[in-house]
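A short worksheet on the structure shown next.
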Amino acid sequence: MAKAARRFVRGAAPLTLLTLLLAGCGGASDAEKSSGKEATSGKATVGGAGSPCALPVSFELVKDWEAGATDAASAPPNPRGTVSLVCEISGNAAGTAGLLRVWAGGTEKDPERALKEFVDGFTLRPVTADHSDFAAGGLKGAEVVYAEKSGTEKAMANRSRAFAVGTGKGVVIVHLWGSADAEAGLLTAYGLAKKTVRPTQ
Numbered sequence: 023m024a025k026a027a028r029r030f031v032r033g034a035a036p037l038t039l040l041t042l043l044l045a046g047c048g049g050a051s052d053a054e055k056s057s058g059k060e061a062t063s064g065k066a067t068v069g070g071a072g073s074p075c076a077l078p079v080s081f082e083l084v085k086d087w088e089a090g091a092t093d094a095a096s097a098p099p100n101p102r103g104t105v106s107l108v109c110e111i112s113g114n115a116a117g118t119a120g121l122l123r124v125w126a127g128g129t130e131k132d133p134e135r136a137l138k139e140f141v142d143g144f145t146l147r148p149v150t151a152d153h154s155d156f157a158a159g160g161l162k163g164a165e166v167v168y169a170e171k172s173g174t175e176k177a178m179a180n181r182s183r184a185f186a187v188g189t190g191k192g193v194v195i196v197h198l199w200g201s202a203d204a205e206a207g208l209l210t211a212y213g214l215a216k217k218t219v220r221p222t223q
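If you want it as structure tokens, here you go:
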């Protein structure tokens, strides 16, 4: 880089040009790091270094979706198997009234079995649960699309979904949480997370 600058510029100008070029080749800005943006792609991610949630996996976020870590004091009671709620990703700023909730830890290492425990842990038992397998980012995963009753026996069942991947640090589950009115935006965010999930470095 420095040789190219000296080839075209004479006198004091090369030092100035070299300084500017080196500055442009530096790392991500503090703002990018704090928002979880990767310098290589410019896309917002969660889970990696500098993101609000430290996870054994990372995945991309839809524009304007915001992630925040949870702690034991603020997390809701955990009826969902042995995993714990560690991160919530909100679509409010993007106009979507819903969340992606990330659960991690627990004792179950198999993604499909962890999902079954997760769904069975709901107070309102699911009506149906369809399981499938997938792979992304070198990880083996499982997905469940299920319906649960909302309140009474006569209430219509609400469909939801979650996917799980196994890592060397345990299972991570990403759960779609929101109203039917926000389904399109939620599915977009959920689908992007599932497509781009990969181990953190």
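Residue numbers for the sequence shown follow our numbering, so the first one is 23 and each next one is one higher. For every residue, glycine included, the Cβ atom is placed at its ideal position computed from N, Cα and C. Given the structure is predicted, the values throughout are model-derived calculations rather than measurements.
- Between residue 152 and the set 90, 215, 185, 195, the nearest pair of CA atoms involves 185.
- DSSP places residue 137 inside the alpha helix (DSSP H), whose first and last residues are 133-142.
- The alpha-carbon separation between residue 118 and residue 165 amounts to approximately 22 Å.
- Residue pairing of residue 165 in beta bridges, as defined by DSSP: 154, 185.
- When C-alpha distances from residue 169 are compared across 191, 199, 160, the shortest belongs to 199.
- In the DSSP assignment, residue 211 falls within the unbroken alpha helix (DSSP H) covering 205-218.
- Boundaries cannot be given for residue 130, as no beta strand (DSSP E) includes it and DSSP labels it neither H nor E.
- Assigned with DSSP and collapsed to three states, residue 119 falls in coil, not helix or strand.
- Note that the C-beta distance between residue 188 and residue 133 is below 7 Å.
- Here the alpha carbon of residue 79 sits roughly 17 Å from the alpha carbon of residue 88.
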